[in-house]
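>
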Amino acid sequence: MHTVKPILLMGLGNDILSDDAIGLMVARELQERFANHPMIDVEAVCEMGLGLLDYIIGRRALLVVDAVQTGKVPAGYVHEVGEKDLPSLPGMSPHFLGVGEILVLGRRMDYVMPEVVSIFAVEVADLSTIKEQLTPPVAACLPKVVEQASAWLTHQALQWQHRQP
16 MHTVKPILLM GLGNDILSDD AIGLMVAREL QERFANHPMI DVEAVCEMGL
66 GLLDYIIGRR ALLVVDAVQT GKVPAGYVHE VGEKDLPSLP GMSPHFLGVG
116 EILVLGRRMD YVMPEVVSIF AVEVADLSTI KEQLTPPVAA CLPKVVEQAS
166 AWLTHQALQW QHRQP
């Protein structure tokens, strides 16, 4: 039986819709780095809606990395928001409402759900062109987002270690 690790990075997206792949790419960059970590899982997820629930149940901390297009800031900007900010984050991402709704649903069903939820929503330039490359400004921010996500995961692991008996 697979043991659920308490901390999850879930990179969301679609590989063939240009900048929508940013969350998947961040996750794939970090999968090897955290492959043997006893408390951290990193998943690249192309699913939406109820399909996300299976990834989240049993976790204590969740970081979601996804694309968003608000048009209010330059492509490559990283919006760092918490769970309570999900409904107020403007823009287009097919995953955001799904994540918030899934968290509420899981709690109502008395599943163990994350106590700490953060979202790194990367401002993108193109969510609709069918191509497997990021636009230049989003590609340029990829290393920065990878390092921000890595730091978040490491911080959560340290926090979690201090809470263990």
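Using the working numbering, the first residue of the sequence shown is number 16, and each one after it goes up by one.
All C-beta atoms, glycine included, are put in the ideal place defined by N, C-alpha and C.
Val114 by DSSP, collapsed to three states: which one?
helix
> Would you call Glu44 buried or exposed, if buried means 16 or more other Cβ atoms sit within 10 Å of its Cβ?
Looking at its Cβ environment, which holds 16 or more other Cβ atoms inside 10 Å, Glu44 is buried.
> Look at Arg75 and Val132 and say whether their C-beta atoms are less than 8 angstroms apart.
no
> Thinking just about the alpha-carbon of each residue, which of Gln171, Leu24, Ser33 and Gly28 is nearest to the one in Val147?
According to the sequence displayed, residue 147 carries Glu and not Val. When only C-alpha atoms are compared, the closest one is Ser33.
> In chain order, what are the residue ranges of uninterrupted alpha helix (DSSP H) at least 4 long that sit wholly in the segment 22-87?
37-46 and 68-71
> Taking the CB atoms as reference points, tell me whether Val79 and Glu138 lie closer together than 8 angstroms.
no
> Report yes or no: do three or more beta-carbon pairs, one from the segment 58-78 and one from the segment 165-179, lie closer than 8 angstroms?
yes
> Can you list, in chain order, the residues of its chain whose CB lies under 7 angstroms from that of Gly113, leaving out five sequence neighbours each side?
Met63, Gly64 and Leu67
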